[in-house]
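Quick notes on the structure that follows.
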Amino acid sequence: MVQNGVVICNVCGIRSDKESDIVYILATKNGEKVDICTSCMPSVIHGSGLVVKSNDEIKQEFLSN
Numbered sequence: 012m013v014q015n016g017v018v019i020c021n022v023c024g025i026r027s028d029k030e031s032d033i034v035y036i037l038a039t040k041n042g043e044k045v046d047i048c049t050s051c052m053p054s055v056i057h058g059s060g061l062v063v064k065s066n067d068e069i070k071q072e073f074l075s076n
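In the working numbering, the protein residues as written are 12 to 76.
Structure, rendered in structure tokens:
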């Protein structure tokens, strides 16, 4: 997800403002655009889309502080 110009991985929550070398892939889950870092892509490809959190879940988990 993108929040105030910062990209946040919808799997692990890594933020583009904390790690400048991370590459993100834009994907769609249940009609919602989500961002997945390349480190998490194998989990999505070989595992399940269940690991991908919604943007609301990411906001609650990583942005509520």
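Just so it is clear, CB atoms sit at the ideal spot from N, CA and C, and this is done for glycine as well.
Residue i in three-state terms, based on DSSP
i, result
"Val-22", "coil"
"Ile-56", "helix"
"Val-63", "coil"
Whole-Å CB distance - residue i paired with residue j, under 8 Å assumed
i, j, result
"Ser-54", "Val-17", "Their Cβ separation, rounded to whole angstroms, is 22 Å, which puts Ser-54 and Val-17 out of contact at 8 Å."
"Leu-37", "Asp-28", "With a Cβ gap of about 18 Å, Leu-37 and Asp-28 do not count as contacting."
"Ile-19", "Ile-69", "6 Å"
"Glu-43", "Asn-66", "6 Å"
Residue(s) in a DSSP beta bridge with residue i
i, result
"Asp-43", "Sequence check: residue 43 is Glu here, not Asp. For Glu-43, which the question treats as bridged, DSSP gives the partners Lys-40."
"Cys-48", "Tyr-35"
"Val-13", "Val-18"
Terminal residues of the alpha helix (DSSP H) in which residue i lies
i, result
"Ile-33", "No alpha helix (DSSP H) holds Ile-33; DSSP gives it neither H nor E."
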